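Residue numbers for the sequence shown follow the working numbering, beginning at 222 and rising by one. The beta carbon of each residue, even a glycine, is placed where N, CA and C say it ideally should be. Small disclaimer: the values here were computed from a predicted structure and weren't measured.
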Amino acid sequence: MSALETDSLCHFDQVLLTPAQMNAADQATIALGISSLDLMERAGAAVATAIQARWTRQPILVLCGPGNNGGDGFVCARHLDGAGWPVKIALLCELSELKGDAAHQALLWTGGFVPFSSGSLEGFRLVIDAIFGAGLSRPVEGQARDMVEALVNLDLDICAIDVPSGLDGATGQILGGAAAADLTVTFFRKKPGHLLLPGRQLCGDLVVAQIGIQASVLDAIAPMTFENHPALWLSRYPWPEINGNKYQRGHVLVLGGDTVTGASRLTACGAMRAGAGLVTLASPPDTWMIYASALTSAMVRPFNGLAGFTELLADARRNVIAIGPGANVGDATRQYVLAALAARRTTVLDADALTAFAETPRRLFDAIDGPCVLTPHEGEFDRLFTAGGDKLLRTRRAAVESGAVVLLKGADTVIAAPDGRAIVNANAPAHLATGGSGDVLTGFIAGLLAQGLDVFHAAAAAAWLHGEVANYLGIGLIAEDLPDALPHVLQALNERMKQALREGA
222 MSALETDSLC HFDQVLLTPA QMNAADQATI ALGISSLDLM ERAGAAVATA
272 IQARWTRQPI LVLCGPGNNG GDGFVCARHL DGAGWPVKIA LLCELSELKG
322 DAAHQALLWT GGFVPFSSGS LEGFRLVIDA IFGAGLSRPV EGQARDMVEA
372 LVNLDLDICA IDVPSGLDGA TGQILGGAAA ADLTVTFFRK KPGHLLLPGR
422 QLCGDLVVAQ IGIQASVLDA IAPMTFENHP ALWLSRYPWP EINGNKYQRG
472 HVLVLGGDTV TGASRLTACG AMRAGAGLVT LASPPDTWMI YASALTSAMV
522 RPFNGLAGFT ELLADARRNV IAIGPGANVG DATRQYVLAA LAARRTTVLD
572 ADALTAFAET PRRLFDAIDG PCVLTPHEGE FDRLFTAGGD KLLRTRRAAV
622 ESGAVVLLKG ADTVIAAPDG RAIVNANAPA HLATGGSGDV LTGFIAGLLA
672 QGLDVFHAAA AAAWLHGEVA NYLGIGLIAE DLPDALPHVL QALNERMKQA
722 LREGA
């Protein structure tokens with residue numbers, strides 16, 4: 222069976238481990254018979270290999286801290302020294318203060334030391350940051366803070382071991398200060414802090430080195446956080462079937478606004494390109510001509526007020542409702558949302574559909590009694606939720622509070638389900654930040670939902686496709702380019718799936 226067909230296998234490659242979970246993976250590996258010294262040796266050797274693959278031989282300074290991250294630095298230094306690199310180590314503490322595996326590795330170092338000060342950076346163009354690892358829990362201070370600030374101010378190449386020192390591996394937040402690395406080498410699996418901002422901006426190129434930890438240790442850890450990737454949802458993806466028809470591929474109803482008409486048109490186009498068999502745009506009477514003349518593949522149906530919208534909802538074949546883009550903020554939009562939720566249809570709520578409940582968010586949450594996706598950006602999120610903490614924690618709390626899948630948009634989009642699962646999407650380029658792109662994402666989600674994909678995986682798949690289309694289009698894209706470019710990405714993805722199935726057969 223191919224990994225693409227088995228969630229329990231494919232999820233493991235996309236797992237994101239907190240520092241505590243990574244420690245559990247280490248301990249489980251040690252219990253299986255691989256010593257902690259062996260793991261440290263393999264980790265340091267992997268960093269040395271990555272450095273030699275990227276840079277030419279040159280003088281290199283290794284900044285070592287007092288813990289296991291520093292121990293990895295000692296191993297790396299020894300391997301580079303053995304390969305003929307001129308290596309010096311700057312140690313944050315006294316040698317006598319080192320303990321455990323780090324102390325053992327320090328005893329094996331026969332090269333030179335320099336003081337742990339910014340002055341020691343002179344004469345080096347390449348530095349290894351092995352001061353603190355991903356489990357740092359307090360702000361960097363003292364000599365370490367001075368060194369980090371010196372690295373920030375100097376134009377040096379930096380390789381970070383695990384994470385740039387000062388970066389919280391669980392949240393991506395900076396604790397006191399952190400210098401951006403050109404290369405970060407981590408082990409076994411990525412951590413959330415490698416993908417969440419601002420951490421992602423600091424890690425540079427990320428290498429995940431395998432050091433002998435078996436994927437089976439993840440069974441006991443039971444991770445709930447993943448990096449978005451087709452392997453998470455491709456086996457569920459609703460590809461067209463030869464014996465299918467448009468009615469089997471679902472019917473999306475998009476609420477159109479009466480003044481801002483472009484937003485809901487983008488949503489309708491996104492839903493069509495994502496594969497919905499039918500799309501109907503519900504238009505206020507005064508704007509019917511605008512919608513009808515602009516949309517050729519979607520049906521446009523006029524309606525009058527709540528009674529007219531409720532009549533459109535009465536057709537159960539319209540199995541997904543998308544409300545928000547261009548809908549206007551006000552009581553009418555609130556009533557349309559509540560009517561859609563009362564109809565127990567799968568619903569995607571974005572933009573004005575969220576802001577309309579800014580003063581009464583509990584009214585919205587109490588009405589959610591079926592499959593629902595909320596797609597706020599940070600401003601809309603803050604209007605609805607009071608959840609604090611890092612982005613992962615806030616999104617998870619919002620999903621529990623609302624009872625919906627919450628997709629908190631951004632360059633590090635997080636998708637969270639009420640059951641605690643969360644996905645971090647990291648493929649979106651900077652040029653995707655353009656007016657209307659979120660409206661298209663709403664359409665992509667609705668189109669996948671219409672075809673039967675569950676809400677959590679539909680949100681994840683749509684977010685990844687959204688980013689991938691933007692990467693395909695490149696700088697200069699505008700929102701209306703996104704739906705038309707989706708078929709190219711879907712075709713390439715379909716070919717990848719078929720190739721993987723052939724190779725796994």
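Residue i classed as buried or exposed, judged by whether at least 16 other C-beta atoms fall within 10 angstroms
i           : result
residue 719 : exposed
residue 330 : buried
residue 338 : exposed
residue 174 : Examination of residue 174 is not possible in this model, given that the chain is present from 222 through 726 alone.
residue 236 : buried
residue 459 : buried
residue 280 : exposed
residue 603 : exposed
residue 326 : buried
residue 294 : buried
residue 440 : exposed
residue 277 : exposed
residue 609 : exposed
residue 617 : buried
residue 619 : buried
residue 695 : exposed
residue 663 : buried
Alpha-carbon spacing of residue i relative to residue j, whole angstroms
i           : j           : result
residue 229 : residue 410 : At residue 229 the pLDDT is 45, less than 50, meaning the model places this residue with poor confidence and gives no usable figure here.
residue 722 : residue 712 : 15 Å
residue 637 : residue 491 : 22 Å
residue 323 : residue 335 : 18 Å
residue 405 : residue 477 : 47 Å
residue 705 : residue 686 : 12 Å
residue 670 : residue 303 : 57 Å
residue 239 : residue 341 : 33 Å
residue 397 : residue 364 : 12 Å
residue 408 : residue 724 : 27 Å
residue 290 : residue 430 : 15 Å
residue 449 : residue 648 : 8 Å
residue 307 : residue 242 : 36 Å
residue 538 : residue 412 : 42 Å
residue 509 : residue 596 : 26 Å
residue 588 : residue 245 : 40 Å
residue 644 : residue 344 : 43 Å
residue 423 : residue 380 : 11 Å
residue 225 : residue 678 : Residue placement at residue 225 is flagged as unreliable, the pLDDT there being 33, under the threshold of 50; the coordinate-derived value follows with that caveat. Residue 225 and residue 678: Cα-Cα distance of roughly 14 Å.
residue 463 : residue 607 : 48 Å
residue 248 : residue 708 : 46 Å
residue 502 : residue 514 : 12 Å
residue 264 : residue 257 : 10 Å
residue 493 : residue 518 : 8 Å
residue 716 : residue 592 : 31 Å
residue 371 : residue 628 : 38 Å
Cβ separation of residue i and residue j, assumed to be a contact under 8 Å, to the nearest whole Å
i           : j           : result
residue 605 : residue 582 : 4 Å
residue 659 : residue 571 : 7 Å
residue 388 : residue 420 : 5 Å
residue 428 : residue 271 : 5 Å
residue 729 : residue 471 : The shown model of the chain, from 222 to 726, leaves out residue 729, and the question about it has no answer.
residue 562 : residue 554 : Not confirmed; about 13 Å, so no contact.
residue 542 : residue 474 : 5 Å
residue 594 : residue 680 : 5 Å
residue 560 : residue 531 : 5 Å
is_contact[residue i, chain C] using C-beta, thresh 7 Å
i           : result
residue 595 : Given the protein chain composition of this structure (a single chain), no chain C is represented.
Inset, instruction - Evaluate the contact criterion for the region 339-354 versus the region 276-286: three or more CB pairs, one atom per stretch, below 8 Å. - result: yes
Legend entry - Residue ranges of each alpha helix (DSSP H) within the region 518-577, 4 or longer: 526-534, 552-563 and 573-576
Legend entry - Segments of 4+ residues assigned as alpha helix (DSSP H) that fall wholly inside the region 574-625: 582-588, 599-605 and 612-623
Inset, instruction - Tell me, please, whether the region 438-449 touches the region 639-658 by the rule of three or more beta-carbon pairs shorter than 8 Å. - result: yes
Inset, instruction - Counting only runs of 3+ residues fully inside the region 476-519, write out the beta strand (DSSP E) ranges in chain order. - result: 499-504
Legend entry - Complete runs of the alpha helix (DSSP H) confined to the region 404-430 [at least 4 residues]: 413-416 and 420-424
Legend entry - Stretch pair the region 529-548 + the region 481-490: three plus CB contacts closer than 8 Å: yes
Inset, instruction - Mind the definition here: the region 687-703 touches the region 644-658 only if three or more C-beta pairs lie below 8 Å; say whether that holds. - result: yes
Inset, instruction - Indicate whether the contact test is met: 3 or more Cβ pairs, each with one atom in the region 677-693 and one in the region 450-457, closer than 8 Å. - result: yes
Inset, instruction - Note down, one range per segment and in chain order, each beta strand (DSSP E) of at least 3 residues found wholly within the region 341-393. - result: 347-351 and 378-382
Inset, instruction - Check whether the region 313-322 touches the region 377-394, counting contact only when three or more Cβ pairs, one atom from each stretch, lie closer than 8 Å. - result: no
Inset, instruction - May I have a chain-ordered list of the alpha helix (DSSP H) segments no shorter than 4 residues that lie completely inside the region 297-334? - result: 321-328
Legend entry - beta strand (DSSP E) runs contained entirely in the region 633-669, provided each spans 3 or more residues: 635-637 and 643-645
Inset, instruction - Give, in chain order, every unbroken run of the beta strand (DSSP E) that is at least 3 residues long and sits entirely within the region 423-472. - result: 426-430 and 446-448
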